[in-house]
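Asks:
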Amino acid sequence: MSRPESYINVEAPESQPAKPKRRSKVRSERVALLVLGALLAAALIVIYRLSFDNWLMKKNLQMLTEENEAQRKDLTDKTCVQCDEGWEHHGGQCYYFSINKSPWEDSRQECGHKGGDLVKIDSRDEQEFLERRLRDQMMEPADRFWIGLTDSKEEGRWLWVGGSPLNTSLTFWDKREPNNWNIENPEGEDCVRMGEKDGSHDLMCWFDKSCKIPHRRICEKSAVSV
Numbered sequence: 118m119s120r121p122e123s124y125i126n127v128e129a130p131e132s133q134p135a136k137p138k139r140r141s142k143v144r145s146e147r148v149a150l151l152v153l154g155a156l157l158a159a160a161l162i163v164i165y166r167l168s169f170d171n172w173l174m175k176k177n178l179q180m181l182t183e184e185n186e187a188q189r190k191d192l193t194d195k196t197c198v199q200c201d202e203g204w205e206h207h208g209g210q211c212y213y214f215s216i217n218k219s220p221w222e223d224s225r226q227e228c229g230h231k232g233g234d235l236v237k238i239d240s241r242d243e244q245e246f247l248e249r250r251l252r253d254q255m256m257e258p259a260d261r262f263w264i265g266l267t268d269s270k271e272e273g274r275w276l277w278v279g280g281s282p283l284n285t286s287l288t289f290w291d292k293r294e295p296n297n298w299n300i301e302n303p304e305g306e307d308c309v310r311m312g313e314k315d316g317s318h319d320l321m322c323w324f325d326k327s328c329k330i331p332h333r334r335i336c337e338k339s340a341v342s343v
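The numbering used here applies: residue 118 is where the sequence shown begins, and numbers increase by one.
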């Protein structure tokens, strides 16, 4: 039996291949970048906050130290204190600036004969006072003064007279000091002198030197309340 002419054999169109989901992929990448950016921003904020808090803590500590020093000085000024003749008063302590010169060990003994010891510098205020006074005391740039700081027991381990260690946050070394220069003395430089005739930058005027070299000295002892 023949097919009617009106009958048309129409084949079903082949199914079209699925298009890549490019838009979804791009959208996912953007979301990932946004999340990564947000995490990075959060990390930066945390780092900044921690850095700021650390700076603020150091600033507050410095302010408290300065306030304590000012209160101590004010209390001392309100108290009648006395130093022996030839000694100068500052902050409850008495200081003697020698005229004669002697090696470090002899200088310490001579301070002991006067009832004191080589100076131990405990604050920036004290360093400022001494640095300022030495400008008038020094006869020439090399005319420096022994202080009570040495590493003669162990190289690089600086101790004050009495055995207390140097506070590394409170030092006033001149640039490139200490250098333990051993040309003048093969044993090196184990004692500290200070002073700048023309003034020093930011009070930095400590120099290590051979303990055997004669220098003038700064002696220190407590003032007496009267």
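All residues carry an ideal CB built from backbone N, CA and C; glycine is no exception. Treat the numbers as computed from the prediction; the structure is a model and nothing was measured.
1. Can you give the Cα-Cα distance for residue 202 and residue 221, rounded to whole angstroms?
2. So, does the segment 282-291 touch the segment 255-262, judging by three or more C-beta pairs under 8 Å?
3. If distances are taken between C-alpha atoms only, which option among 247, 273 and 308 comes closest to residue 314?
4. Taking contact to mean at least 3 C-beta pairs separated by less than 8 Å, is the segment 211-221 in contact with the segment 325-341?
5. Going by the C-beta, is residue 258 closer than 7 Å to any heavy atom of the ligand FMN?
6. Taking 8 Å as the threshold (C-beta atoms), are residue 233 and residue 326 in contact?
7. Anyone know if the C-beta pair for residue 179 and residue 340 falls short of 8 Å?
8. Can you tell me whether residue 152 is buried or exposed? The criterion is at least 16 other CB atoms within 10 Å of its CB, across all chains shown.
9. Going straight from the alpha carbon of residue 263 to that of residue 297, what length do you get?
10. For residue 228 and residue 309, what's the separation of their Cα atoms in angstroms?
11. What's the C-alpha gap between residue 158 and residue 275?
12. Thinking C-beta only, is residue 197 closer than 8 Å to residue 269?
13. Tell me which same chain residues have a C-beta within less than 8 Å of the C-beta of residue 207, skipping the five on either side of it?
14. Name the residue from 291, 239, 342 and 302 whose alpha carbon lies nearest to the alpha carbon of residue 312.
15. Quick one: what does DSSP say residue 121 is sitting in, helix, strand or coil?
16. In the DSSP assignment, find the unbroken alpha helix (DSSP H) run with residue 224 in it and report its ends.
17. Would you kindly report the start and end of the unbroken beta strand (DSSP E) that includes residue 310?
Replies: In terms of the structure at hand:
1. One C-alpha to the other measures close to 24 Å.
2. Taking 8 Å as the limit for Cβ pairs, the verdict is that the segment 255-262 does not touch the segment 282-291.
3. Closest in alpha carbon position to residue 314, among 247, 273 and 308, is 247.
4. Yes, the segment 211-221 is in contact with the segment 325-341.
5. The ligand FMN is not part of the structure shown, which contains no ligands of any sort.
6. In this structure, the beta-carbon distance from residue 326 to residue 233 does not fall below 8 Å.
7. In this structure, the beta-carbon distance from residue 179 to residue 340 does not fall below 8 Å.
8. Around the CB of residue 152, fewer than 16 other CB atoms lie within 10 Å, so the residue is classed as exposed.
9. Residue 263 and residue 297: Cα-Cα distance of roughly 16 Å.
10. Answer to the nearest angstrom: the Cα atoms are 16 Å apart.
11. Looking at the two C-alpha atoms, the distance is approximately 45 Å.
12. Contact: no.
13. 243 and 246, listed in sequence order.
14. That would be 291, whose Cα lies nearest to the Cα of residue 312.
15. Residue confidence for residue 121 is low, a pLDDT of 49 falling below 50, so the modelled location carries little weight; the figure read from the coordinates is stated next. In the structure shown, residue 121 sits in coil (DSSP, three-state: anything other than H, G, I, E or B).
16. Counting along the chain, the unbroken alpha helix (DSSP H) around residue 224 starts and ends at 221-230.
17. DSSP places residue 310 inside the beta strand (DSSP E), whose first and last residues are 308-311.
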